[in-house]
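Note that my numbering has the sequence shown beginning at 122, numbered continuously upward.
Virtual Cβ for every residue (Gly too), placed ideally from N, Cα, C.
The block underneath contains the structure these notes are about, expressed in structure tokens.
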Amino acid sequence: MKILIINPPRLNGINVRRDERSVDILEDEVSPFYQGAALAQWLRVKNLALVKVLDANGLNLDYGRVNLWLKENKDARFVVVKGGDDTLYHDSITCTLAKHLGLTTIFWEPILSPAMPERVMQNLVDIDYLVLGEAELTISELLEKGNQAKGIAYREEDQIKISPRLETERLKDIDSLPIPNFNDLPYQNYKAWFGESPWMTIFTSRGCVGTCFYCLIGGNTCFRGYGRKLRLMGVHRVVEELEVLVKKYNIPHITFWDDCFTNDLVRVEDICHQILTKNLKFRWSCMSRVDRIDKKLLSLMKKAGLSRIGFGIESGNQRVLDSIPKRITAEENIKTPLLAKSLGIWVWIFLLLGLPEEDERSMQDTINTLKKIRPHHLCCGTATPFPGTKFYEVCLKENLLKSDIFDLITAGLQTGGGQISDTRYVKAEVVNQYLKKLHETANIYSENKLHNMIQKLKPFIPKFMRDTLKNILERTRSN
């Protein structure tokens, strides 16, 4: 059986990162299609399928080139299309092209589809099957059982049928995932937003212990993607994949794309020790909660190659943090990133405005937190009440949404776009004003922007003048 897996083209020429927890439209990145390669290898092993992968986003192919590729492979039985919520209509063009060639389409969109499957299929008429659960198990079962598979939506005559999968019916042992064949991907093209290339992201866990009510994982209220239950890949399996990437493919930078790589501190220590023992030379990055890491572990991680780390700060206001509930303190949100910076680790942080408890004072607290941390990079935006989360339920109950959520989300806005819901205390327009202030503050207080400015001046002015400029800028930022 021949299966095609496609990552659709970029949106208006801009890179699209499509993964299980979010879709990001990012100009300064070329995102790895890791999950497509992982699914392909699973289907080869479990279903003995002949699988071909096309990362149109990574190759920067337009729909004309995608159509030619589909014509060359029209003997396939199924076409699996990776989709996103923001880019839903754009991504579904791949399904339309495939249907015109008589191919059966499987749409793999893990954000809107699990919560609103009927709405998605009503709007996208060229989808035959919609993936509602964990892709590997669901699609593998679909190839074997068709409409009897669990975790899908499908069409039967004029009706849309839903075949649910239970929360307990997930992949229990993620060590059973075969190592992807990275030759399926144009890995030499992949570039991180922080400039490293070639670059690869990998997942070594699924689920999250967090309870953040806005999150598609921790705040999830429907059967979706990887689910909430935390499942960790074993140390041996993780290091085995790292060895392949470093020794066979010469990837210089790898990002552990887990929601929180440091959930199990002992596992992280063991992975670091194995990297050092096997003398694997590569740089790596990860994301962590501020309360799941300390100086000893950070030092070991750096010794093993950690060069960059991201922290989910979200807010600088304790009342907002408690309302999520994030289960961390505003003090920890400042202390841990500063600790990482003191060890020479490049730090990025995530900030979020527009949660229901947000007011002008809390948003200013978040801006002040940014000033104190001075990260090397800021990822920020406004809170989206995704269907299938507790946040969405609050917005519906309290009439905070500005209009139909499906239309708002699928508008294809660039990541970091405007607020689409009011808070209990301020209108969406006020949140957008503070988002602008947050970006302006980042332009002044980002360590990376200051460093880049000084480096650009280096060839043109003497060192004493560069040092003077740096001191002036530092004093300006401290005021």
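Residue 128 carries a strand assignment under DSSP once its states are collapsed to helix, strand and coil. Between residue 282 and residue 247 the beta-carbon gap is near 17 Å, outside 8 Å, which marks them as no contact. About 19 Å separates the Cβ atoms of residue 413 and residue 467, ruling out a contact at the 8 Å cut-off. Counted as a single uninterrupted DSSP element, the alpha helix (DSSP H) harbouring residue 527 occupies residues 526-530.
Annotated as proximal: residue 455 and residue 490, with beta-carbon spacing under 8 Å. With a minimum length of 3 residues, the unbroken runs of beta strand (DSSP E) contained wholly in the segment 321-405 fall at 374-377.
In this structure, 382 is the residue among 368, 382, 284 with its C-alpha nearest to the C-alpha of residue 353. Membership of residue 283 in the beta strand (DSSP E) is indicated by the continuous run 280-284. The segment 339-349 makes no contact with the segment 461-475, as fewer than three CB pairs between them are under 8 Å.
In the three-state reduction of the DSSP assignment, residue 240 falls in the helix class, which pools H, G and I. With 16 or more other CB atoms across the displayed protein chains lying within 10 angstroms of its CB, residue 145 is buried. In the DSSP assignment, residue 154 falls outside any beta strand (DSSP E) and carries neither an H nor an E. From the listed residues 360, 297, 321, the smallest Cα separation to residue 308 is found for 321. Exposure of residue 424 is indicated by the presence of fewer than 16 other C-beta atoms within 10 angstroms of its C-beta. Taking the C-beta atoms as reference points, residue 436 is found nearer than 8 Å to residue 487.
Cβ contact annotation for residue 438 (same chain, cutoff 6 Å, sequence separation greater than five): 483, 486, in chain order. Considering only 168, 167, 138, the residue with the shortest C-alpha distance to residue 155 is 138. Residue pairing of residue 145 in beta bridges, as defined by DSSP: 138. Scanning its chain for C-beta atoms nearer than 6 Å, with the 5 sequence neighbours on each side dropped, one finds around residue 256 the residues 160, 229, in chain order.
In this chain, the alpha helix (DSSP H) harbouring residue 262 covers 256-266. About 47 Å separates the Cβ atoms of residue 479 and residue 398, ruling out a contact at the 8 Å cut-off. Annotation for residue 558: 488 place their beta carbon closer than 7 Å to its own, counting only its chain and skipping 5 residues before and after.
Judged by DSSP secondary structure, residue 190 falls within the alpha helix (DSSP H) whose first and last residues are 184-193. Close CB contacts of residue 126 within its chain, under the 7 Å cut and outside five residues either way in sequence, are with 157, 160, 161, 172, 174, 201 (chain order). In this chain, the alpha helix (DSSP H) harbouring residue 179 covers 177-180. Note that the C-beta distance between residue 264 and residue 168 is below 8 Å.
The DSSP-derived three-state label of residue 497 is coil. At a Cβ-Cβ threshold of 8 Å, residue 130 and residue 182 count as neighbours.
Within the segment 397-485, the runs of beta strand (DSSP E) at least 3 residues long that lie entirely inside it are, in chain order, 404-409, 427-435, 467-474.
Here residue 271 carries a coil assignment [DSSP, helix/strand/coil]. For residue 552, the uninterrupted alpha helix (DSSP H) segment begins and ends at 549-566.
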